[in-house]
Structure formats: structure tokens, C-alpha cells
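Structure first, then comments.
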Amino acid sequence: MRSIRIEESIIINAPPEQVFDFTQDYSTRLHWDTFLKRADLMDGMTAAGKGVKAYCVAHNGFGMVTEYITFNRPEVTAIKMIKGPFLFKSFFGSWRFKPQGQNTTEVIFLYSFTLRFPFILLSPLIRQNLQKNVKQRLTDLKLTVDQINNYS
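One point on numbering: in our numbering, the residue at position 30 of the sequence shown is 32, and numbering is uninterrupted.
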């Protein structure tokens, strides 16, 4: 089966460095990422970076261990699933941060995954649900960064 790809973007009124750092800070992740109910770095790590593993649990109860395979501040970060829900055969995700003028960033969020049988039969529903969650995460990120910048 070929991979399912979901990509969404949003414009945020903040420089790429600020948005990158904020999205990759696990100490504040749950303040804006309403998709997750748990987000922890593993193996005693205190900062995200290439080779660092993270454990995240969505509100639906599905947990996933991921490993950072790319970490280029402030441009891009990417993860791959090490261990996760049985429905996923593979899972990759990335954040890209593109400057769009002074103090403005386009944030592009990408998921690419393959499903195991019999979940392949539910791929339209799973894709739709994840696409909705990605859009909401980006909206929540924008709102939180705007609030932080308005109170600074």
C-alpha cells in the first residue's frame, strides 16, 4: 500500500526561530497542542534534537514513541515512529518553518503514514480525522503564539 500524506500550513506572526523553539519545547507542549494529553522526551533528555526519542499520547489514548531524524533549527524538524499503535505500519511527521517577511513564518505540518490491514479499509476516515487534528493543532499554535506576543 502506498503512503497517505497529509499536509497543512498556517501563517504565524512571529519569526521562525521563535515558532521553531516553541513547537519543540516539550515543557510547554501541552499548553498549545490540544491533540495530545502527554508529551515527554525519553532517556533523560531535556531538549529535542536529532536522535532524541519522545513519547506522546493523543486524547484518544493512542501512544507513539518517535525519534527525531532531522533537527535543523529554525528550518525543519522530522520524526519517525519507533513504536506506535498497531494500525500504523509506518509513520513520519515533519514541521517546516519558512520566513514570509519580517517576523512572519509559514508553518507547514506534514504526516506521511501507511496503515496495516484491516485498517487500510478505514483509510479515508483515518485520513480525515488526522487532517482535522493537524488543522486544529496549527490553529491552536497560532492562537497561543499570538497571545504570547501580545502580552510580551
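All C-beta atoms in this analysis are idealised placements derived from N, C-alpha and C, irrespective of residue type, glycine included.
Identity of the residue in the options nearest residue i by Cα
i, options, result
"residue 85", "65, 46 and 137", "65"
"residue 100", "5, 124, 16 and 4", "16"
"residue 132", "150, 25 and 117", "117"
"residue 67", "128, 87 and 8", "87"
"residue 69", "45, 55, 89 and 121", "55"
"residue 105", "53, 52 and 151", "151"
"residue 72", "52, 24 and 57", "52"
"residue 149", "80, 114, 44 and 24", "24"
"residue 80", "4, 114 and 119", "114"
heavy atom of the ligand FMN below 7 Å from residue i C-beta
i, result
"residue 51", "With respect to the ligand FMN, the structure offers nothing, as it holds no ligand at all."
Close-in-space but distant-in-sequence residues of the same chain around residue i (CB under 8 Å, 5 per side omitted)
i, result
"residue 32", "38, 39, 40 and 41"
"residue 102", "13 and 108"
"residue 129", "6 and 8"
"residue 58", "38, 40, 41, 42, 65, 66 and 68"
"residue 29", "none"
Integer Cβ distance of residue i from residue j, believed to fall under 8 Å
i, j, result
"residue 6", "residue 136", "12 Å between Cβ atoms; not a contact."
"residue 60", "residue 26", "In fact, because the Cβ distance is near 18 Å, the residues do not count as touching under 8 Å."
Contacting residues, own chain, Cβ-Cβ under 7 Å from residue i (five flanking each side not counted)
i, result
"residue 146", "33 and 34"
Beta-carbon proximity list for residue i, same chain, < 6 Å, skipping 5 on both sides
i, result
"residue 62", "none"
At a cut of 8 Å, does the stretch 39-56 reach the stretch 87-94 through at least three beta carbon pairs?
-> no
Could you tell me whether the stretch 16-25 touches the stretch 70-86, using the rule of 3 or more Cβ pairs below 8 Å?
-> By the Cβ criterion, the stretch 16-25 is in contact with the stretch 70-86, since at least three pairs of Cβ atoms, one from each stretch, lie closer than 8 Å.
Is there contact here, the stretch 108-120 with the stretch 134-152, by at least three beta-carbon pairs under 8 Å?
-> yes
Let me know the alpha helix (DSSP H) ranges lying completely inside the stretch 17-54, each 4 residues or longer, listed in chain order.
-> Scanning the stretch 17-54 from its first residue to its last, the whole alpha helix (DSSP H) runs of 4-plus residues come out as 18-25 and 31-34.
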